[in-house]
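Numbering (the working numbering), first residue to last: 215 to 529.
All residues carry an ideal CB built from backbone N, CA and C; glycine is no exception.
As the structure is a prediction and not an experimental result, all values here were calculated from the model.
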């Protein structure tokens, strides 16, 4: 296997919000970078590139700009890093499961015959297996954190009205699938493409949701409804529509899982508004991480042993 090299920067090396802002810019280059045979892993908390050393120099400037980054070299070390990412060992919420899907999508953009593509798929498989063997699974994942935040708003037995899920991507769909809306009178998914989402939800025969377009939200005030924002795909026009709809709706609370929060300033303060950067959310993250962190060293050893059995060392 040819020599491989990687560079990365993540939320441990800068502030999570600064990392999210930078990553959002780099994500727009994903297809261009993948066409050059380079694996780009750009999530809200990281930007990482992997490939042959001759392919990386120009990509470095595109991916990191003025940020300092670290290097990882060789098939085994890169597989270790990617496998750890796949099982949530480098996530803000240790043991969360959504990152694996993001990594798989990044690998799928590549020519599947490239060595780095093969390494990526191997790392995902190893990460999945080690995660299961070691029970490296978040007790407070996104769905449980949101569930507890909602419960705190209705702690005296009040009956909530509707759950509004803004976003029809992976996170929004998985939150619905987790049963987040069971306590509510109904669940409404706010999407710009109801037809496409209806097709995706067709296999979910046991889950009932209504689909509306963004401009249709907020026909009446719903002070006992909760809004969860689970999308990062927001342009200026969409943002303006959502802001107006939220002002009309006046929900009990808004939980914003966007890496770059939708609301800010006075508008944010006019709602009971919780983002991933707020103390309430971070308390759950800390609680989860205290429980699962002791498993990290065993998990990494498990991954390393699996890699040593799978990869033949370079001569």
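Taking the alpha helix (DSSP H) that residue i belongs to, which residues open and close that run?
| i | result |
| --- | --- |
| residue 379 | Unbroken run through residue 379 is the beta strand (DSSP E), 376 to 380; no alpha helix (DSSP H). |
| residue 368 | That residue, residue 368, is in no alpha helix (DSSP H); it is neither H nor E in DSSP. |
| residue 406 | Element bounds for residue 406: n/a, residue is neither H nor E. |
| residue 293 | 289 to 300 |
| residue 500 | 493 to 506 |
| residue 386 | 384 to 391 |
| residue 248 | 244 to 249 |
Could you check what DSSP says for residue i in three-state terms: helix, strand or coil?
| i | result |
| --- | --- |
| residue 284 | strand |
| residue 343 | helix |
| residue 220 | strand |
| residue 262 | strand |
| residue 467 | strand |
| residue 530 | Lying before the first or after the last residue shown, residue 530 is absent from the chain, which here runs from 215 to 529. |
| residue 529 | Below a pLDDT of 50, predicted positions are generally treated as unreliable, and residue 529, at 37, falls in that range; no measurement from the model is reported. |
| residue 424 | strand |
| residue 215 | Because residue 215 sits at a pLDDT of 47, beneath the cut-off of 50, its placement in the model cannot be relied upon, and the point is left open. |
| residue 351 | coil |
| residue 254 | strand |
| residue 517 | helix |
| residue 434 | coil |
| residue 400 | strand |
| residue 227 | coil |
| residue 304 | coil |
| residue 477 | coil |
| residue 417 | coil |
| residue 311 | coil |
| residue 472 | coil |
| residue 334 | helix |
| residue 322 | helix |
| residue 269 | helix |
| residue 429 | helix |
| residue 317 | helix |
| residue 394 | coil |
| residue 484 | coil |
| residue 522 | helix |
| residue 511 | helix |
Could you tell me which of the options sits nearest to residue i, measuring between CA atoms?
| i | options | result |
| --- | --- | --- |
| residue 313 | 327, 251, 326 and 297 | 297 |
| residue 445 | 398, 388 and 497 | 388 |
| residue 421 | 436, 403 and 409 | 403 |
| residue 344 | 515, 522 and 411 | 515 |
| residue 368 | 355, 397 and 341 | 397 |
| residue 329 | 413, 353, 352 and 267 | 267 |
| residue 523 | 479, 220, 294 and 237 | 294 |
| residue 511 | 269, 335, 303 and 224 | 303 |
| residue 437 | 486, 480 and 454 | 486 |
| residue 476 | 454, 509 and 370 | 454 |
| residue 384 | 317, 272, 336 and 492 | 317 |
| residue 435 | 492, 348, 464 and 450 | 464 |
| residue 373 | 366, 386, 399 and 394 | 399 |
Taking residue i as part of the beta strand (DSSP E), name the residues at either end of that continuous run.
| i | result |
| --- | --- |
| residue 487 | 487 to 489 |
| residue 443 | 440 to 443 |
Please find out if some non-hydrogen atom of the ligand SAM comes closer than 7 Å to the beta-carbon of residue i.
| i | result |
| --- | --- |
| residue 457 | No copy of the ligand SAM occurs in the structure displayed, which carries no ligand at all. |
Roughly how far, in whole angstroms, is the beta-carbon of residue i from the beta-carbon of residue j, given that I think they are within contact range, below 8 Å?
| i | j | result |
| --- | --- | --- |
| residue 448 | residue 471 | Going by Cβ atoms, the distance from residue 448 to residue 471 rounds to 12 Å, so no, they are not a contact pair. |
| residue 506 | residue 466 | So it is not a contact: roughly 31 Å between Cβ atoms. |
| residue 236 | residue 300 | Actually they do not touch by this definition, with Cβ atoms about 22 Å apart. |
| residue 474 | residue 238 | 6 Å |
| residue 488 | residue 480 | That pair is no contact at about 17 Å. |
| residue 252 | residue 281 | 17 Å between Cβ atoms; not a contact. |
| residue 509 | residue 350 | 5 Å |
| residue 283 | residue 221 | 5 Å |
| residue 254 | residue 233 | So it is not a contact: roughly 15 Å between Cβ atoms. |
| residue 333 | residue 219 | Actually they are not in contact, since the Cβ atoms of residue 333 and residue 219 sit about 12 Å apart, beyond 8 Å. |
contact_flag[the segment 455 to 462, the segment 421 to 437] where n(CB pairs < 8 Å) is 3 or more: Yes, they touch.
Are at least three pairs of beta-carbons, each pair with one atom in the segment 352 to 362 and one in the segment 279 to 295, less than 8 Å apart? no
Just checking, does the segment 299 to 318 make contact with the segment 485 to 504 on the three C-beta pairs under 8 Å criterion? The segment 299 to 318, when compared against the segment 485 to 504, does touch it at the 8 Å Cβ threshold.
Counting Cβ pairs, one atom from each stretch, are 3 or more of them under 8 Å apart for the segment 346 to 357 and the segment 374 to 383? The segment 346 to 357 and the segment 374 to 383 do not touch, with fewer than 3 CB-CB distances between them shorter than 8 Å.
Inspect the CB distances between the segment 320 to 329 and the segment 277 to 287 and report whether three or more fall short of 8 Å. no
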